[in-house]
Amino acid sequence: MTLHNVKTFKASVASAIAAALMLTSVTSFAAPLPEKDFVTQPVGHGVYELAYDGQAKVLFAASAPSFDKDKTQGKIYKLDLEDLTGTGVIETSRRAFATALDEENHLLYVGNTLEGSVTLIDTRTGKELAVIQLADTSNPKEIAHTREMVLDKQRHRLYVSGVVEKGIVWVVDTEKRQLITTLTNMGEYPTGLALDAQKNRLYVVNGRNELIAVDTTTDKIVSRFTVEPEKKHFFLNIALDSKNNRAFLTDPDLPKVLVVDINTGRVLDHIDVTNSLAVLYNEKRSEVYVTHRNAKLISIIDSKTYQLKNSIATNAMPNSLALSSDGNVLYASIKQDEKVAKDRPDYVLKITLDKL
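Under this note's numbering, think of the first position of the sequence shown as 183, with each following residue one higher.
Here is the structure:
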């Protein structure tokens, strides 16, 4: 998940965008594989997060086609899992950024970043079932923006980070389809979320070096660590390896991915890559996947050795990642540079991992 182009992020990420133009240790390995070796498909404008539906054999791609005030609608593109051809478009009343899928119940949750809400869609009919308003809308200029979402199917909860200075995480009851509580004291600008449903833990990272763990049975903070307190980090995304008690954290200002012990907050290791955005852990293949937005790279990393196994050079800027249920196929949304975005659609890339 990924960078949302909202005002709260622009100042914090501006230097990272510039720094990402320069490759670091990635270039010391074998040359990146060219995008032309993989399946790609143009989709539309403003594509952000992806959701993999193995039952329906569909990849959903959320889109916010325009940031104009009078063009607030969104789209959910439906793509064939094999060749990525379009199989339909779901229109949404609000712009679509984040995604969380309840595959068994045919429900797709869509984060409406700018409106501070979540839209619920029936994936079989494409019908918009509900819009759950999370942020206070009494002052349109100060609406708290949503960002990351994670779904706890066992406890019927959806967690949504609220990117505000006095950070919050909204908790939605997915059976009642309503906001039931707001977790406060989440630090400055909470961004990425990760869930360990088996251990009843929600992990939150924020713009002030913090890794926070919340007990999902009580909604109470059970641990709070400042990662590398001697440095300044603005963490964007987190991928969790709960079996090995570690998390992979990206800071777009840092030409590394941090590997952190979730029980102590101690940095276990650094993965030497260029400045990173999205991160995803694949337990089945013991791999970590990272997008490097302005470097136009996707890295495939051995999670045991922290060494780069492969990389893919893209023609535009890789953003979000999604993984097939068997762990063998990786999908990435690729965004066009703002200079050409009006003329060229964003697209999706498919990487068959066991063929690399």
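Cβ coordinates follow ideal geometry from the N, Cα and C atoms, glycine included.
Could you check which residue in Phe220, Ala213, Glu231 and Lys218 has the C-alpha nearest to that of Lys517?
-> For the residues Phe220, Ala213, Glu231 and Lys218, the minimum Cα distance to Lys517 belongs to Glu231.
In three-state terms, what does DSSP make of Glu347?
-> Looking at Glu347 - three-state DSSP - the assignment turns out to be coil, as it is neither helix nor strand.
Could you confirm whether any beta carbon from chain B is found closer than 8 Å to the beta carbon of Phe416?
-> Absence of chain B from the displayed structure is noted, only one protein chain being present.
Inspect the beta-carbon positions of Thr328 and Thr295 and report whether they are closer than 8 Å.
-> In this structure, the beta-carbon distance from Thr328 to Thr295 falls below 8 Å.
Cα-Cα separation between Leu459 and Asn321, rounded to whole angstroms = Answer to the nearest angstrom: the Cα atoms are 31 Å apart.
Chain-order list of residues whose beta-carbon lies under 6 Å from that of Val345 (same chain, five-residue window excluded) | Counting only Cβ-Cβ distances below 6 Å, and skipping sequence neighbours, we find Thr190, His327, Arg329 and Tyr371.
Assuming Ser424 and Val386 form a contact by the criterion Cβ under 8 Å, report the distance between their Cβ atoms to the nearest whole angstrom.
-> Not a contact, Cβ separation roughly 15 Å.
In chain order, which alpha helix (DSSP H) runs of at least 4 residues are fully inside the segment 356–403?
-> Runs found: none.
Among Lys348, Leu531 and Leu377, which has the Cα closest to the Cα of Gln336?
-> It is Leu377 whose Cα lies nearest to the Cα of Gln336.
Compare the C-alpha of Lys358 against each of Leu311, Asp262, Lys251 and Leu440 and name the closest.
-> Among Leu311, Asp262, Lys251 and Leu440, the Cα nearest to that of Lys358 belongs to Leu311.
Skipping 5 residues on each side, what residues in its chain have a beta carbon closer than 7 Å to that of Asp536?
-> Close CB contacts of Asp536 within its chain, under the 7 Å cut and outside five residues either way in sequence, are with Asn510 (chain order).
Give the straight-line distance between the Cα atoms of Lys486 and Val225, rounded to the nearest whole angstrom.
-> About 35 Å.
Around the Cβ of Leu340, are there at least 16 other Cβ atoms within 10 angstroms (buried) or fewer (exposed)?
-> It is buried - the Cβ of Leu340 has at least 16 other Cβ atoms within 10 Å.
For Asn427, does the count of other Cβ atoms within 10 angstroms reach 16, so buried, or fall short, so exposed?
-> Here Asn427 is exposed: its Cβ has fewer than 16 other Cβ atoms, across all protein chains shown, within 10 Å.
Inter-residue spacing [alpha-carbon to alpha-carbon] between Ala395 and Asn464 = Distance between the alpha carbons of Ala395 and Asn464: 21 Å.
Leaving out five residues before and five after Ala429 in sequence, what residues of the same chain have Cβ atoms less than 6 Å from its Cβ?
-> Here Ala429 has Ile420, Leu422, Val442 and Ile444 as same chain residues with Cβ atoms under 6 Å from its own Cβ, once five neighbours each way along the sequence are excluded.
Uninterrupted beta strand (DSSP E) stretches inside the segment 308–342 (no shorter than 3 residues) | Counting only runs of 3 or more, we get 310–315 and 327–334.
Inter-residue spacing [alpha-carbon to alpha-carbon] between Thr254 and Tyr291 = Distance between the alpha carbons of Thr254 and Tyr291: 17 Å.
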